[in-house]
Amino acid sequence: MFTFVASLPQKMALQLGELHFCALARAAGGSPYIARGTRRLSTLNVTVGPKSAAGSAKVDQSGDSTVVTDTYDADKITVLEGLEPVRKRPGMYIGSTGTKGYHHLVFEVVDNSIDEALAGHCSKVEVRIGADGFVEVSDDGRGIPVASVAKTGKSALETVLTVLHAGGKFGDGGYKVSGGLHGVGLSVVNALSDVLEVYVWRDSKKYSMRFARGIPQTGLLEAKDSGRGNGTTVRFHPDPQIFERA
């Protein structure tokens, strides 16, 4: 039996139910899932915060004509590396820096757990959103791999959290079924969170990493498994520099 437990504001619980109904129903073999709205938690209400204006061309309006005096040449080209593009233009990746964008981050993490369930490797997903704005998504799936990825020279865990379009859904060896609705991945969630912590239980060991605005604050930490089975927990706080909560 597959169980989906959501401890979050009731309005968002309904939205999760709408967006993931089909995927959850299939994962549960047609059985209903559990969604528990917790009224004691503060309601998510996100508004667009003030943004600094981008640089603009200088205009010379002397005389009868208007002449743009700024030049466009090679030194005007900006190269954004890593997760910089996401923070620079978040709307391109999550559609909005308002309420929908805030929810989008949650759905991205939940979708990964749902994919594990659809592939038959996960029986329970838990979502918690606290009054402090921290979001925690846990599952009992296989756990994100931690072995080194030759192409990046980083662990698979760090790669999926710091490299755009990295994951197990693009090749033949990862998820055979995908319930993801958005597809921008954990790296975008990481980029747009001022704090993100990830915990992986896999191969009788516990691994963890901590990030700040997409930048690793620790290496891959390894500890003895406490005895629980495989799984992944992602805990993050959407960045107030990007999102403003009322």
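Residue numbers (UniProt numbering): 1 to 246.
Glycine is no exception: its CB is placed at the ideal position from the N, C-alpha and C atoms.
Please read all numbers here as calculations on a predicted model, not as lab measurements.
- In chain order, Ala156 and Thr159 place their CB closer than 6 Å to the CB of valine 149, counting only its own chain and leaving out the 5 sequence neighbours on each side.
- Checking the DSSP bridge columns, you'll see serine 148 partnered with Ser155.
- Here DSSP, grouped into helix, strand and coil, assigns threonine 233 to strand.
- If the five residues before and after threonine 218 are omitted, its C-beta is found closer than 8 Å to the C-beta atoms of Ser208, Met209 and Arg210, all from its own chain and listed in chain order.
- Cβ-Cβ distances below 6 Å link alanine 223 to Lys206 in the same chain, with the five nearest sequence neighbours on each side left out; the list follows chain order.
- Cβ-Cβ separation between valine 106 and valine 86: approximately 16 Å, too far for a contact (criterion under 8 Å).
- When rounded, the separation of the alpha-carbon atoms in leucine 164 and glycine 82 is 8 Å.
- When DSSP states are grouped into helix, strand and coil, leucine 192 belongs to the coil group.
- Closest by C-alpha distance to valine 234, out of Glu126, Ser204 and Leu221, is Glu126.
- Rounded to the nearest angstrom, the gap between the Cα atoms of valine 200 and glycine 98 is 30 Å.
- In the three-state reduction of the DSSP assignment, proline 90 falls in the coil class.
- DSSP, read as helix, strand or coil, puts phenylalanine 134 in coil.
- Scanning its chain for C-beta atoms nearer than 8 Å, with the 5 sequence neighbours on each side dropped, one finds around arginine 228 the residues Trp201, in chain order.
- A distance of 8 Å or more separates the beta carbons of glycine 141 and serine 96.
- Around the C-beta of serine 204, fewer than 16 other C-beta atoms lie within 10 Å, and the residue is accordingly described as exposed.
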